[in-house]
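A.B. asks: Before I ask anything, let me first share the structure, which is written out below as structure tokens.
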Amino acid sequence: MINHDNNKFIIALVAWLMTTLINTTLMAKETAKETAKETAFDAVEFEQIKQLQMGRPWLMLLWSVDCPPCFKELKMISNLSQQVEGLAIVIVNTDEQVEASERQQIIDDYQLQQFQHFYFEDGKNDHNRFVIDPSWYGELPRSYFVDANGKFHGKSGLINEAILSKWLIPN
Amino acid sequence: MNQNINITRYIWLTLSALLLLSHTVAAENHKHMTADKGVKTSTQPCQSAEIRCAKTVTSAFAPNGDLWRLWSHDQRLHYQVSADKGQSFSASKQVDIAAENISARNENRPKIAFDKLNGVYLSWARAGEKKYTADVRFSYSADYGKQFSEPVTVNNDNLLTGHSFNELHVSADGQVSIVWLDGRLSYQLRKQGKEANGSAIFLAQANPSKNTAEFTNKQLANGTCVCCRIAIDVNQNAELAVFWRHIFGDNIREFALLTLNKKQQPSLLQISHDHWRINGCPHQGGGLSIDQNNRYHMVWFNQGDKGKGIFYASSIDAGKTLTTPLSIGKQSAQASHPHVIQNQNKVDIVWTQFTGTEHQLWSQSSIDNGKTFAPAKQLAQAKFGADRPFLIKHGNRNYISWQRPQQGHWITAL
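Sequence lines, in order, name chains A and B. Numbering of the first sequence is given in the working numbering, commencing with residue 1 and proceeding in unit increments. Numbering of the second sequence is given in the working numbering, commencing with residue 1 and proceeding in unit increments.
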């Protein structure tokens, strides 16, 4: 009788634990879905990005919340990513003085959560720009078409959607 | 009985496994949280209202020789006054107006100007809730800063669109001119389903000291770059001149100039011919300073096929003809954000460079009104980022104002 009560208690406990666990997991997934993971950009991260992408053509897009044409390029990428999965794109926000929530809102609005996102830490704008390309003056949007051998081809200003899709979607 | 023990054992095992799993999830979550916290503490943003933490600072001399500096923190404007040309400053004061979302970063920043009657004038852009919407705002003090008027919106279109990058000029008798980049024309075009490229330049004028506080709005140009600051000055005929980055043809971004001639409609003159084609944001406006003989001294930055870097040129006929543009600064050292001022026969130019680890403030001076320049000199450094440098003048001396976030505001006579 005592044993039976004990078992009942344990079963209730297990049920409660399982519900909690499932809820926690679901909530964690939900959070991940809502907010894209962002990493502070620096020279070490940049090396890792390059190594990770090596061997295939990829695109690095740099943008700012203060750059209306950048939004057009984000929209293009958003459209392309809905047609084709697994596009090789790395997105870097160059704003220093902007709240993370402001950037994330835009990433969410354009449904770009699946890409790798980086941001420039406060006071590091020029440093990071120099690490990426000392001949780039910060004009935006800035797109780097990186070939399979890791060679960078930089282009300032909004890029043509056909060129973008040709680069990212091989035939 | 045996079966009962087995069930109990099974339940306990499951329970332990679940406990372990839930602990792992919690630990994983905790790791994420710690990582986030780590990022936050490593950047250590400078958060106080003191000037050291400001992203931008605007400096100007009052007619009595006082040097004012103005910055924004947490939706408020703050200022300090120096009676000794920037050697020391009064305690900082907050402008006593309601909090609002003041734009103060990069090319966008509050402005300050004075008349000769103890008037202090402020103008700024107030960002709206919706992206790229803002209004140009204005407030003034008739008693040298003791009290400021309730801010008014300068743009009169009542449209939820962009109105920012404001510049302010106030004449000795209190005639206020505000010039800004205005999105109303492109907003209307888009509403009609038409394509629109660029902003327009609008001018508003009023004289609050003479009880004409209502700002008229007048369009000066259309099809400008949407994210570069404007430069303005007034010539010897009291005519306002405006220098900005315009869009020519298929996104060729060149500098243009116009002078508000009292008799004629202003006509736009193309100044730079560097052929920078970019459908984007250079975030680099120019500089304009007009001398006692109405020679216009201009600096700009471009990255075109025909011209790259900073250029200086002057014009004796308000932009119709131009001296050969002179290249300024070291292109390979990221020379950018130039500003210029003319005073007596002297022309001073400042700009910033970056070495990969350090920001540097550079200057170059001419004592023959821009015909020849002495070699460039490095004047100061910054470690944690740098604002654009600006030149201001009082009497026959020129001063540089350069905000260095976290390090402090740097102001000195040239």
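Glycine is no exception: its CB is placed at the ideal position from the N, C-alpha and C atoms.
(1) How would you label A:V84, buried or exposed, when you count the other beta carbons within 10 angstroms and need 16 or more for buried?
(2) Check the Cβ of B:C227 against every Cβ in chain A and list those closer than 8 Å, keeping chain order.
(3) Between B:F311 and chain A, is the shortest Cβ-Cβ distance under 8 Å, so that the two count as touching?
(4) Please name the residue, chosen from A:Q104, A:P170 and A:G157, that lies closest to A:E38 on a Cα-to-Cα basis.
(5) Step through the CB atoms of chain A and report whether any lies within less than 8 Å of the CB of B:S336.
(6) For B:I278, which residues in chain A fall below 7 Å Cβ to Cβ?
(7) Using a Cβ cut-off of 8 Å (strictly closer), state whether B:F354 contacts chain A.
(8) Since B:K93 and B:L67 are thought to touch, with beta carbons under 8 Å apart, how far apart are those beta carbons, to the nearest angstrom?
(9) The alpha helix (DSSP H) spanning B:A49 covers which residue range?
(10) Assuming B:G286 and B:V299 make a contact with CB atoms under 8 Å, what is their CB distance in whole Å?
(11) So which of B:N398, B:H394, B:L203 and B:R388 has the shortest CA-CA distance to B:R404?
(12) Taking Cβ to Cβ, would you say B:I310 is nearer than 8 Å to B:S336?
(13) My assumption, with CB atoms under 8 Å, is that B:F215 sits in contact with B:A206. Please give the rounded CB distance.
(14) Rank B:S48, B:V350, B:R109 and B:F243 by C-alpha distance to the C-alpha of B:P266 and give the top, closest one.
(15) From the DSSP secondary-structure annotation, give me the bridge partner or partners of B:T224.
(16) Indicate whether at least one CB of chain B lies closer than 8 Å to the CB of A:P134.
(17) Would you identify the three-state DSSP class for B:S209, choosing helix, strand or coil?
(18) Quick one: residues in its chain with C-beta nearer than 6 Å to the C-beta of B:K306, no 5 flanking neighbours on either side, listed in chain order?
(19) Using DSSP with H/G/I as helix, E/B as strand and the rest coil, what is A:S101?
(20) Using the Cα positions of B:G198 and B:Q87, report the straight-line distance between them to the nearest angstrom.
(21) For A:N93, which residues does DSSP report across the bridge?
(22) Residue range of the beta strand (DSSP E) that B:Q364 falls in?
(23) Inspect the CB distances between the region 405 to 414 of chain B and the region 377 to 384 of chain B and report whether three or more fall short of 8 Å.
C.D. replies: So, from the listed chains and residues:
(1) exposed
(2) D66, C67 and P68
(3) no
(4) A:Q104
(5) yes
(6) E139, S156 and G157
(7) yes
(8) Actually they are not in contact, since the Cβ atoms of B:K93 and B:L67 sit about 15 Å apart, beyond 8 Å.
(9) Element bounds for B:A49: n/a, residue is neither H nor E.
(10) 6 Å
(11) B:R388
(12) yes
(13) 5 Å
(14) B:F243
(15) B:S199 and B:H246
(16) yes
(17) helix
(18) D274 and H275
(19) helix
(20) 42 Å
(21) A:W63 and A:Y119
(22) H359 to S366
(23) yes
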